[in-house]
Amino acid sequence: MILLDSNIIIALFDGKDVHHKKAVSLLKSIVEQRVYTLSVNLIEIYSVIAKRCRERKYNSNIALEKLRTLESNINIIWVGNPKDIHDEIVDIMIKTNGKLNYIDSIILKYCLDNGAELKTFNKNLMFEYEAAR
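Note that the numbering used here has the sequence shown beginning at 79, numbered continuously upward.
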């Protein structure tokens, strides 16, 4: 199972993103595999795309509808109640001296607990993932 971080989906969706070409290449290389993202990533994806639309004076409604359509092509794992794992998530944040935010810590925990292969452009998240495997 391959789990995509939000930054890959954002870069794929935003042609002006600094990582856009890398995201396209990455997705081409894993096109035959089942690709997933976590529901918590949707928070970040929708928020970043809406913000970029506002900043660039694009029609955010069009972009958000396209993103909703893209959502149907991605397998979303709906993370249960974060309250159940809250202490573990905060422990990860403390262990990394705050280098991982709350959502990144959820992603790391999910990948490690479920043997998912993480794909991300976040160097801190990838470092922690590789160190813990």
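Just so you know, even glycine gets a beta-carbon here, dropped at the ideal spot from N, CA and C.
Practice prompt. Tell me whether Ile170 sits in a helix, a strand or coil according to DSSP, three-state version.
Written response: What you label residue 170 is simply residue 92 of the sequence shown in a count that begins at 1. If DSSP states are grouped into helix, strand and coil, Ile170 belongs with the helices.
Worksheet entry | Close beta carbons around Phe199, own chain, < 6 Å, minus the five adjacent residues each side | Working through the sequence shown from its first residue, we reach residue 199 at position 121. Closer than 6 Å at Cβ, skipping near neighbours: Asn85, His97.
Worksheet item: Given 8 Å as the limit, is there contact between the stretch 110-121 and the stretch 152-169, that is, 3 or more CB pairs closer than that?
Response: yes
Fill in: Contact under 8 Å by Cβ, Tyr124 with Leu148
For this step, residue 124 is matched to residue 46 along the sequence shown. For this step, residue 148 is matched to residue 70 along the sequence shown. No, Cβ-Cβ distance for Tyr124 and Leu148 is not below 8 Å.
Worksheet item: Taking the alpha-carbon positions, what's the Gly93 to Ile185 distance?
Response: What you label residue 93 is simply residue 15 of the sequence shown in a count that begins at 1. What you label residue 185 is simply residue 107 of the sequence shown in a count that begins at 1. Roughly 25 Å separates the two Cα atoms.
Practice prompt. Note down the Cα distance separating Ser150 from Phe205, rounded to an integer number of angstroms.
Written response: Sequence index remark: in the sequence shown, residue 150 carries index 72 (1-based). Sequence index remark: in the sequence shown, residue 205 carries index 127 (1-based). Those two C-alpha atoms are separated by around 30 Å.
Discussion item. Measuring alpha carbon to alpha carbon, tell me which residue in Ala209, Lys197, Asp95, Tyr180 is nearest Asp83.
Written reply: Within the sequence shown, numbered from 1, the residue matching residue 83 stands at position 5. Closest by alpha carbon: Lys197.
Worksheet item: What runs of the beta strand (DSSP E), each 3 residues or longer, lie entirely inside the stretch 80-112?
Response: Considered as a whole, the stretch 80-112 harbours 80-82 as its complete beta strand (DSSP E) runs of no fewer than 3 residues, in chain order.
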